[in-house]
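For reference, the structure is listed below as structure tokens.
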Amino acid sequence: WSSDVCSSDLAALADRPTTGAPPAPGNAPVVYLADGAWGDALGALLDADAAAVVIAWGQAPAVAVPAFSIPMKAEAEVVQAIVDAAAQTAAGRAEALALTARAVAAEERISALNAIGIALSSERDLDRLLDLILTEARRFTGSDAGSLYLLEDGEEHTQLRFKLAHNDAVEFEFAERTMPLNDASMA
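Sequential numbering of the sequence shown, starting at 4, is according to our numbering.
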């Protein structure tokens, strides 16, 4: 390859020549430049969901991902167009994988919310219910810690009750307490 063949679309691709077996693709787009010896290795390495494509001179190898064939005596413009198309295809496959992962995560969150709603509606003990609310809120948000505060309206004044605190990183003894909620308080 000469530098005048590469396009701006390929600027972000790292050139990592490899001997032996080809490196496995991750979630980032990958364009494999294959020769005859690597065709079988790539066929064994790449599954149909990989964010990868293969480019080969002459006959493209039989792989589960899109494969592009560059004619042996192709002009530079043709090579450029094929490499650009391969890079765009790999990027599109990576984006599709990312969107699929986000959709799966969203489905899991909806399922978790449904389970939380069922658990909350079946719990009758207020202290266990509040602990369940805090536990599930932390799990749902991926938080290491959380606190639950209650706003209590009394006859004489309104107060803030520090009801619960959880912290996975720091062990401490929690003591429930209240603080008046007025202009003089910090709350």
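Note that the Cβ used here is the ideal one computed from N, Cα and C, for glycine as well. On a predicted model such as this, the values are computed, not experimentally measured, just so you know.
Checklist entry - Which residues in the same chain have their Cβ closer than 6 Å to the Cβ of residue 180, if we skip the five residues on either side of it in sequence? => result Against the sequence shown, residue 180 aligns to sequence position 177. Excluding residues up to 5 positions away in sequence, 165 lie with their Cβ nearer than 6 Å to the Cβ of residue 180 in the same chain.
Checklist entry - Assuming residue 35 and residue 55 make a contact with CB atoms under 8 Å, what is their CB distance in whole Å? => result To locate residue 35, count along the sequence shown from 1; it is residue 32. To locate residue 55, count along the sequence shown from 1; it is residue 52. The Cβ separation is near 6 Å, so the contact holds.
Checklist entry - DSSP on residue 86, reduced to helix/strand/coil? => result In the sequence shown, residue 86 corresponds to position 83, counting from 1. Residue state, collapsed to three classes: helix.
Item to check | Residue closest to residue 174, alpha-carbon to alpha-carbon, out of 183, 159, 149, 156 | outcome: Walking along the sequence shown from the start, residue 174 turns up at place 171. Here the closest residue by C-alpha is 149.
Next on the checklist: For residue 70 and residue 95, what's the separation of their Cα atoms in angstroms?
Outcome noted: Mapped onto the sequence shown, residue 70 falls at position 67. Mapped onto the sequence shown, residue 95 falls at position 92. Rounded to the nearest angstrom, the gap between the Cα atoms of residue 70 and residue 95 is 14 Å.
Item to check | Rounded straight-line distance, which links the Cα of residue 64 to that of residue 123 | outcome: Here the question's residue 123 lines up with position 120 in the sequence shown. Here the question's residue 64 lines up with position 61 in the sequence shown. If I take the Cα positions, the gap works out to 56 Å.
Checklist entry - In terms of residues, what are the limits of the beta strand (DSSP E) holding residue 156? => result Translated into the one-based positions of the sequence shown, residue 156 becomes position 153. Unbroken beta strand (DSSP E) run through residue 156: 148 to 156.
Item to check | Coarse secondary structure for residue 49, derived from DSSP in three states | outcome: Looking up residue 49 in the sequence shown gives position 46. In this structure, residue 49 counts as coil in the three-state DSSP scheme.
Checklist entry - Where residue 170 and residue 141 are concerned, what is the direct C-alpha to C-alpha distance, given to the nearest angstrom? => result Against the sequence shown, residue 170 aligns to sequence position 167. Against the sequence shown, residue 141 aligns to sequence position 138. When only Cα atoms are considered, residue 170 and residue 141 end up about 10 Å apart.
Next on the checklist: Between which two residues does the alpha helix (DSSP H) holding residue 143 run?
Outcome noted: Reading the sequence shown from its first residue, position 140 is the one you call residue 143. For residue 143, the enclosing alpha helix (DSSP H) stretches over residues 129 to 144.
Next on the checklist: Quick check on the burial criterion: 16 or more other C-beta atoms within 10 angstroms. Buried or exposed for residue 187?
Outcome noted: Taking the first residue of the sequence shown as 1, we reach residue 187 at position 184. By the 10 Å Cβ count, residue 187 comes out exposed.
Item to check | Assigned exposure category for residue 11 - 16 Cβ within 10 Å defines buried | outcome: Position 8 of the sequence shown, counted from the start, is the residue given in the question as residue 11. Model confidence at residue 11 stands at a pLDDT of 43, short of 50, so the residue's coordinates are unreliable and nothing is read from them.
Checklist entry - Since residue 134 contacts residue 163 with CB under 8 Å, what's their CB separation in whole angstroms? => result Against the sequence shown, residue 134 aligns to sequence position 131. Against the sequence shown, residue 163 aligns to sequence position 160. So it is not a contact: roughly 19 Å between Cβ atoms.
Item to check | Beta-carbon proximity check, residue 89 vs residue 58, cutoff 9 Å | outcome: On the sequence shown, residue 89 is found 86 positions in, with the first residue counted as 1. On the sequence shown, residue 58 is found 55 positions in, with the first residue counted as 1. Yes, these two residues count as a Cβ contact at 9 Å.
Checklist entry - When DSSP builds the beta bridges, which residues end up paired with residue 34? => result The residue given as residue 34 occupies position 31 in the sequence shown. Bridge partners of residue 34: 56.
Item to check | Alpha carbon of residue 38 to alpha carbon of residue 48, nearest angstrom | outcome: Here the question's residue 38 lines up with position 35 in the sequence shown. Here the question's residue 48 lines up with position 45 in the sequence shown. Cα atoms of residue 38 and residue 48: separation of roughly 15 Å, rounded to the nearest angstrom.
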